[in-house]
Amino acid sequence: MKLKFWVAVLMLVSIGNFHIEAETIAKAEPKAIRITPPAPKFSDAERQTELSRRRAEVFKQMKSNSTFILRSSEPRNYAGDVDFYYRQENNLYYLTNLKQNGTTLVLVKNGESNQEFLFLPKRNPQFETWNGKMYSNEDAQKISGVKTIIDSSETQNFLQAVKDQKAFAAKDGANIAVGVETAYFLLPFTEGDSDGNAEFRRESEFSKSLTGYKIENARPIVDSLRQIKSPYEIKLMQHAIDITTEAQMRSMGMVRRAKYEYEVQAEVEYTFRRRNADYWGYPSIVGCGPNATTLHYVESQGGVRQGDLMLMDVGAEYDHYTADVTRTYPVNGKFSKEQAEIYQIVYDAQEAAAKVAKPGATFKAVGETATEVIKDGLFRLGLITDKKSDQYRVWYMHGFGHWLGMNVHDVGSYGKPLQAGMIFTNEPGIYIREDALEYLPKTPEWQEFVEKVRPNFEKYKNIGVRIEDDLLVTPNGVEWMTKNLPRKISEIEAFMARASKEMAFNESTLESKPQLAVLNFDTSLFLNDDFLFNQSLSGKTIRRGWINSGKNAAYSGLRHLEHSAGE
Ligand SMILES: [Mn+2]
């Protein structure tokens, strides 16, 4: 009885504390950070118009008397009976915006008449109990704008009819008279196209089983459409980029207090989720010091050390569109002389490339402009001895950039001149890998190279810099979609000083008081089980058994004495 009384008093006091603390945190929200603007919203009519325009463009490029069959992607196994998060095949999503597994889109062009059909799984209460709501026919019609829906249990019969070159009559009355001359599928480009073979295995196998059709790969059609982003798509891409910008900013604000790379990665991915990104577009690359020189470093197990550079190549995915943004910044907020020298070369290369990027320019020429700046800079620092040779590849071993969209390395030809609506990454880099000189060919030329550059190499060893921005080609040049993220050395240093100060308010919160630690006790108090179990404060449930091992631990002293001194 007495105990319960004190628990009640404590709860009142605690609830009061919670409000005060919540208010303080709200006021201290760092102003230096650019909060992601609201997500773009489209009406049903806007979406349907956009999607039917895309399908109309596909029809335009299909031959007469042809059929295009697009299948949804299959779930991918993670382990045992657990799958990865389901992600729709990009082209099917591009043409329907449907995320449902088991969906097939059929486009039929007979003469000049165009018909669209959608095979869709029927709603199933058992499935919905476990996995959530499925589309009704009306939902699918409303989302995609495709009017004719057929139960996907008939997909196999339909495919058999295609094989037999017969018309298909669905049980509910829909008739599909396939265009009998040409069959389009999404197919690997070549036998050796391993990504294409993995992604379009079923299509490839089925197409090989057909006789009497001319088989065409539909990817050049959809790829060329996807290469030019519509205003609708640009809004989605901008949103993915804005989320990524905020994530990069927050990481710059907290990095000084981080001990391990994974903590910084967590800040990034926390921001992605907090801003309702669907996922990342590719695994986050968060590498500090020497790890920054590994292009696709994903372990994030290394330490975060003052004096080192942090390289972060991360991208939020929003509604099937991904950002791809890299920043390299000093953990302590100030570039050293050597770090700044390398950084400035990469920055200048980016600037030079962006200046020549405009409609009509080739991707290759834009990339070569960046390469020339890199070569000049490396020569100046004594890291190469011959600007006309390929020596620079020792330090800049990847391409200048790539198309960006639904895939991080998006579809589309690199031979086509730039055109308004294309989006590409501008991402030169220099990586002074610790062991780079050990693996060069043992020829007299390379030996001489090694001898000459070694002293300079020692100066810059373990510095890795990549700067990556997402550029939209406009009628007159390019727009930097990543322009809100500091990039100049002076901007980065000023931003980090401010953001780091403003984000310091939650130092203890981040380190030792997760969101649930709303009760700010100074001393350990004994509370009974009733209190720890299922108490709801301002709608939050305190989980039983929750352990806080930091120095301000509120509960650890109560139930887990062995943890109270920290891990
Ligand atoms: Mn990239």
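Each number in the numbering used here comes from the position in the sequence shown (counting from 1) with 59 added on. Glycine included, each C-beta is placed from N, C-alpha and C at the ideal position. No experiment lies behind these values; they were computed from the predicted model shown.
Inset, instruction - Compute every distance between the C-beta of Glu486 and the non-hydrogen atoms of ligand 1, then say whether any falls below 6 Å. - result: Position 427 of the sequence shown, counted from the first residue, corresponds to residue 486. Within the cutoff, so yes.
Inset, instruction - Using the Cα positions of Lys447 and Pro514, report the straight-line distance between them to the nearest angstrom. - result: For the purposes of this step, residue 447 is identified with residue 388 of the sequence shown, where counting begins at 1. For the purposes of this step, residue 514 is identified with residue 455 of the sequence shown, where counting begins at 1. Each residue's Cα considered, the two are about 22 Å apart.
Legend entry - Three-state secondary structure (DSSP) of Thr270: Numbered from 1 along the sequence shown, position 211 holds the residue referred to as residue 270. Coil, per DSSP.
Legend entry - Proximity to Val537 [Cα-Cα], best of Val453, Glu358, Lys414: The residue you call residue 537 lines up with position 478 of the sequence shown. Val537 has its Cα closest to that of Lys414, out of Val453, Glu358, Lys414.
Inset, instruction - Return helix, strand or coil for Trp539, following the three-state DSSP convention. - result: Position 480 of the sequence shown holds residue 539. Trp539: strand per DSSP, three-state reduction.
Inset, instruction - From the DSSP output, in three-state form, read off Met456 for me. - result: Translated into positions along the sequence shown, residue 456 becomes position 397. Coil at Met456, not helix or strand.
Legend entry - C-alpha gap between Tyr321 and Gly458, whole angstroms: By one-based count along the sequence shown, residue 321 stands at place 262. By one-based count along the sequence shown, residue 458 stands at place 399. Approximately 27 Å between the Cα atoms of the pair.
Legend entry - Leu463 vs Ala420 beta-carbon contact at 7 Å: As a position in the sequence shown, residue 463 is number 404, starting the count at 1. As a position in the sequence shown, residue 420 is number 361, starting the count at 1. Taking 7 Å as the Cβ cut-off, Leu463 and Ala420 do not qualify as a contacting pair.
Legend entry - DSSP state of Pro389 mapped onto helix, strand, coil: As a working note, residue 389 is residue 330 in the sequence shown. In this structure, Pro389 counts as strand in the three-state DSSP scheme.
Inset, instruction - Put Leu157 into one of helix, strand or coil per three-state DSSP. - result: Numbered from its first residue, the sequence shown carries residue 157 at position 98. Correct three-state label for Leu157: coil.
Legend entry - Boundaries of the alpha helix (DSSP H) in which Lys119 is found, first to last residue: For the purposes of this step, residue 119 is taken as the residue at position 60 of the sequence shown. 103 to 120 is the extent of the alpha helix (DSSP H) around Lys119.
Inset, instruction - Excluding the 5 residues preceding and the 5 following Phe422 in the sequence, name in chain order all residues of the same chain whose CB lies nearer than 6 Å to its CB. - result: To locate residue 422, count along the sequence shown from 1; it is residue 363. The answer, listed in chain order, is Tyr473.
Legend entry - Within the stretch 353 to 420, ranges of the beta strand (DSSP E) (whole runs, at least 3 residues): 368 to 373, 375 to 377, 384 to 389
Inset, instruction - Figure out for me which residue from Pro545, Leu166, Arg557, Ile522 has the closest Cα to the Cα of Asp528. - result: Counting from one through the sequence shown, the residue named residue 528 turns up at place 469. Residue Pro545 is the option with its Cα nearest to Asp528.
Inset, instruction - Answer yes or no: the CB of Asp383 versus the heavy atoms of ligand 1, is any distance below 6 Å? - result: Here residue 383 is taken as the residue at index 324 of the sequence shown, counted from 1. For Asp383, the CB falls within less than 6 Å of some heavy atom of ligand 1.
Inset, instruction - Could you give the DSSP three-state label for Gln174: helix, strand or coil? - result: The count along the sequence shown starts at 1 and reaches residue 174 at position 115. Gln174 falls in the strand class under three-state DSSP.
Inset, instruction - Just confirm the distance between the C-beta atoms of Gly480 and Ile287, as a whole number of angstroms; I'd bet it's less than 8 Å. - result: Counting from 1 along the sequence shown, the entry for residue 480 is found at position 421. Counting from 1 along the sequence shown, the entry for residue 287 is found at position 228. Rounded, the Cβ-Cβ distance is 4 Å, consistent with contact.
Legend entry - Boundaries (first-last residue) of the alpha helix (DSSP H) holding Asp282: If you number the sequence shown from 1, residue 282 lands on position 223. Run containing Asp282: 278 to 286, per the alpha helix (DSSP H) assignment.
Inset, instruction - Within the same chain, show all residues whose beta-carbon is closer than 6 Å to that of Arg334, passing over the 5 residues directly before and after it, in chain order. - result: Here residue 334 refers to the residue found at position 275 of the sequence shown. Excluding residues within five positions, the ones whose Cβ falls inside 6 Å are Thr95, Ile302.
Inset, instruction - Starting from the Cα of Ser111, find the closest Cα among Thr162, Glu175, Lys90, Ser395 and give me that residue. - result: Within the sequence shown, residue 111 is the residue found at index 52, counting from 1. If we check each option's Cα against that of Ser111, Glu175 comes out closest.
Legend entry - Best match in Asn190, Gln403, Ser266 for proximity to Val141 [C-alpha to C-alpha]: Working through the sequence shown from its first residue, we reach residue 141 at position 82. Measuring from the Cα of Val141, the nearest candidate turns out to be Asn190.
Inset, instruction - Check each candidate in Gly255, Val314, Gly488, Ser131 and name the one with the smallest Cα separation from Glu431. - result: In the sequence shown, counting from the first residue as 1, residue 431 sits at position 372. Taking only the C-alpha atoms, the option nearest Glu431 is Gly488.
Legend entry - Gly464, enclosing beta strand (DSSP E) - first and last residue: Translated into the one-based positions of the sequence shown, residue 464 becomes position 405. No beta strand (DSSP E) contains Gly464, which DSSP labels as neither H nor E.
Legend entry - Cβ neighbour criterion (16 or more within 10 Å) applied to Ala242: As a working note, residue 242 is residue 183 in the sequence shown. Ala242 comes out buried.
Inset, instruction - Kindly confirm or deny that the stretch 360 to 369 and the stretch 387 to 407 touch, where touching means at least three C-beta pairs closer than 8 Å. - result: yes
Legend entry - Closest residue to Glu258 among Lys122, Tyr402, Ser131, Tyr490 (Cα-Cα distance): Here the question's residue 258 lines up with position 199 in the sequence shown. Per the Cα distances, Ser131.
Legend entry - Sufficient close CB pairs (3 or more, under 8 Å) joining the stretch 178 to 186 to the stretch 198 to 214: The stretch 178 to 186, when compared against the stretch 198 to 214, does touch it at the 8 Å Cβ threshold.
Legend entry - 3 or more residues per run - each beta strand (DSSP E) lying fully within the stretch 191 to 243: 207 to 210
Legend entry - Glu431: CB within 6 Å of a non-hydrogen atom of ligand 3: Within the structure as shown, ligand 3 is missing, the only ligands being ligand 1.
Legend entry - Where Lys560 sits in the DSSP three-state scheme: Looking up residue 560 in the sequence shown gives position 501. Of the three classes helix, strand and coil, the one that applies to Lys560 here is helix, per DSSP.
Inset, instruction - Report the three-state DSSP secondary structure of Leu499 (helix, strand or coil). - result: Numbered from 1 along the sequence shown, position 440 holds the residue referred to as residue 499. Correct three-state label for Leu499: coil.
Legend entry - Leu440: first and last residue of the uninterrupted alpha helix (DSSP H) it sits in: Numbered from its first residue, the sequence shown carries residue 440 at position 381. Where Leu440 is concerned, there is no enclosing alpha helix (DSSP H), given that its DSSP letter is neither H nor E.
Legend entry - Cα-Cα separation between Ala229 and Thr163, rounded to whole angstroms: Here residue 229 corresponds to residue number 170 of the sequence shown, with the count starting at 1. Here residue 163 corresponds to residue number 104 of the sequence shown, with the count starting at 1. Those two C-alpha atoms are separated by around 14 Å.
Inset, instruction - Determine contact between the stretch 115 to 127 and the stretch 302 to 316, defined as no fewer than three beta-carbon pairs at a distance below 8 Å. - result: no
Inset, instruction - Would you identify the three-state DSSP class for Ile491, choosing helix, strand or coil? - result: If you number the sequence shown from 1, residue 491 lands on position 432. Coil at Ile491, not helix or strand.
Legend entry - Simplified DSSP assignment, three categories, for Leu245: Translated into the one-based positions of the sequence shown, residue 245 becomes position 186. Coil.
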